[in-house]
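Numbering (UniProt numbering) for the sequence shown: 1 to 524. Glycine included, each C-beta is placed from N, C-alpha and C at the ideal position. The model shown is predicted, which means the values in this text are computed figures rather than measured ones.
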Amino acid sequence: MDVVIVGAGPNGLMLACELALAGVRPVVLERLSAPSEEPKANGLLGQVVRMVDRRGLYERLSGAPGPPRPNTAYFMFGGLPLNLGLLAERSPIHGLAAPQRRIVGVLEERAAELGVEIRRGYEVAGVAQDADAVTLEVVGPDGPRRLAARYVVGADGAHSVIRKMSGIGFPGVGYDRTTTRTAHAGVPPEWVDPVSGALNIPGHGSALPFLPHRTERGGFSYAPFPGSPALISTVEWDRPATDAPMSLDELRASVRRVLGADLPLGPPDGEGPHVLRRLVGGHTRVAERFRDRRVFLVGDAAHVYATGGGPGLNLGLQDAVNLGWKLAAEIRGNAPADLLDTYDLERRRAARRMVVNAQAQAALTAPGSDVTALRELFAELLAHPDTVHHLAALTAGSDVHYAGDDDVLAETHPLVGRFAPDLDIHTGTGPLRLAQLTVDARPLLIDLTEDAAAARVLEPWREHITIVTGKPEHPLPADVSATALLLRPDTHVAWATSDPRPSEAETSTLHASTERWFGPAPRR
């Protein structure tokens, strides 16, 4: 076998799809005999929404046609409102509301379409590796057996067996002072604003949907989903007085303490499963390394966060997209020497950036008059569009820059290392969105120059790189202006120019960047 992925959650399935698109058929091992029905994440947030659109999955996940539109109203950072109207179309916040079981279902369907084999009921009992392969001891429906693969990827969650058996540390910080209570529940329909969707609570005020609200006594959030009951959550800075199972009465009492007002909560309508849980404490951790020779980690196996908004899933899917094309290139034999090392470098940097996000927001939502004073000062700063954009980009994950500090090629253009901007390109056959050109997960050159100079440079790579020439359908904003872009399969920019007639030095840099990421041109 070339690749075994341990874990058939969303991150493992996304990686399986990425590998299959690149011509590698992985085997996915899953401990559970059927997909979990336990309610977990409730959607995707930020840059990852544009990423799934670029794989043709946005409509299948959201039920709405693309492209995804940015949120230009409000969002929250640490319970403080971010006025995204100050940014208009520059807002980096995109959202996709979908329960995790739907996300898993869509990705499993896509994996099946691509010929991926998923073996359920298999549990890993041992991991060993040498210079040539990784050997897994597994126990499944047919008893114990041994599997060997060139590479193994642990997508098996926060308690990852692959991480533990590979001796990879998981340092971080734990929180034991908070109690989070969450339940699906019915709310009085007459309390819901028909336009904004806000929940108007007598004695407290308005609570906008999907956004956390902080009071001196804790936090509250209200998340309505079409066709299902609302999800109500509270956070309090104490430990529960009981270990008894969570009840709806317990959540009602918690809401009363946090908001200082009563919110009538009824049993949820419709078929379950429904959430009714209490979580004491939490952890923010990042693995010491995401690669140990032939073993890799993605998703919660690599990083976990004690914060809302589903950052683990948002990051995990992007881990998968980053690793998939690199691993496939190594297996095909055309990867540059250090390509696989860039997975750990790039994605651990993104994971550590999310630690800053999680801990900053936790600090801003804590109780106390000193925090209230800090929030008042913070609110003043949020009147400035640049501050709003900075925090929105941090929340969306769009401030991640893959180019290293010593990467000379990154100095050639401000877009290099960034997630590619959305483009509409007019070709000889009509207009195309960038997302339509990236569904097959191939490297992509978009050449909008006057004489197609970039396309000529990459002609020897045409077998492996899709080359598209044309003109921009709409003028590009000044901060993302480019006349040619070379994109990696994860749609991060490997090279760019803003010159309508690239110089010899720029085309030379294009050649170097292509070899850097995709290896020498194939021999003919």
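Coarse secondary structure for Phe220, derived from DSSP in three states: strand
Quick check on the DSSP output: what are the complete beta strand (DSSP E) runs of length 3 or more inside the stretch 16-83, in order along the chain? 27-30, 43-45, 74-77 and 80-83
From the DSSP output, in three-state form, read off Trp237 for me. coil
Given Arg442 as reference, the closest of Arg54, Leu32 and Leu317 once Cα atoms are compared: Nearest C-alpha to Arg442: Arg54.
With which residues is Lys471 paired in a DSSP beta bridge? His426
Ranges of the alpha helix (DSSP H) found wholly within the stretch 303-375, counting only runs of at least 4: 311-332 and 341-365
Residue from Ala512, Ala363, Val388 and Val355 with nearest C-alpha to residue 542: Since the first and last residues shown for the chain are 1 and 524, residue 542 lies out of range.
Cα separation between Arg101 and Arg60? Arg101 and Arg60 have their C-alpha atoms spaced approximately 13 Å apart.
So, Leu87 versus Pro268, is the Cβ gap smaller than 8 Å? no
Can you find the residues in the same chain that come closer than 7 Å, C-beta to C-beta, to Ala455, ignoring five residues on each side of it along the sequence? Leu445, Asp447, Ile467 and Thr469
Proximal residues to Asn42 (C-beta, below 8 Å), its chain only, five neighbours per side dropped: Ala97, Ala98, Pro99, Gln100, Ala223, Phe225, Leu231 and Gly310
Could you tell me the boundaries of the alpha helix (DSSP H) in which Ser254 lies? Leu248 to Leu259
Where Ala241 falls, given that 16 or more other Cβ within 10 Å makes a residue buried: exposed
Looking at C-beta atoms only, is the number of pairs between the stretch 282-291 and the stretch 170-186 that lie closer than 8 Å three or more? yes
Since Val116 sits in a beta bridge, which residues does DSSP pair it with? DSSP lists no partner for Val116.
Quick one: is Val195 buried, meaning 16 or more other Cβ sit within 10 Å of its Cβ, or exposed? exposed
Reducing DSSP to helix, strand and coil, say where His384 ends up. coil
Alpha-carbon spacing of Leu315 relative to Leu45, whole angstroms: 10 Å
Quick one: what does DSSP say Ala98 is sitting in, helix, strand or coil? coil
Within 10 angstroms of its Cβ, does Asp238 collect 16 or more other Cβ (buried), or is it exposed? exposed
Excluding the five sequence neighbours on either side, which residues of its own chain have a C-beta within less than 7 Å of the C-beta of Lys40, listed in chain order? Gln100
For His389, is the classification buried or exposed, using 16 other Cβ atoms within 10 angstroms of its Cβ as the cut-off for buried? buried
Can you tell me where the alpha helix (DSSP H) with Phe518 in it begins and where it stops? Glu504 to Phe518
For Pro10, does the three-state DSSP call read helix, strand or coil? helix
When you compare only the Cα positions, how much space is there between Thr483 and His474? If you draw a straight line from the Cα of Thr483 to the Cα of His474, it comes to about 12 Å.
What beta strand (DSSP E) runs, 3 residues minimum, are completely inside the stretch 134-208? 134-140, 143-149, 151-154, 172-185, 199-201 and 205-207
Nearest by alpha-carbon distance to Thr412: which of Ser508, Glu330 and Ala379 is it? Ser508
Under a CB-based cut-off of 8 Å, is Glu504 close to chain B? In the structure shown, chain B cannot be found, because there is only a single protein chain.
Buried versus exposed, by CB contacts within 10 Å (16 or more), Pro229: buried
Give the straight-line distance between the Cα atoms of Val255 and Asp338, rounded to the nearest whole angstrom. 52 Å
Where do the N-terminal and C-terminal ends of the alpha helix (DSSP H) with Leu434 fall, by residue? Leu434 to Leu437
Measuring CB atoms only, is the stretch 200-207 touching the stretch 247-254, in the sense that at least three cross pairs come out at less than 8 Å? No: fewer than three Cβ pairs fall under 8 Å.
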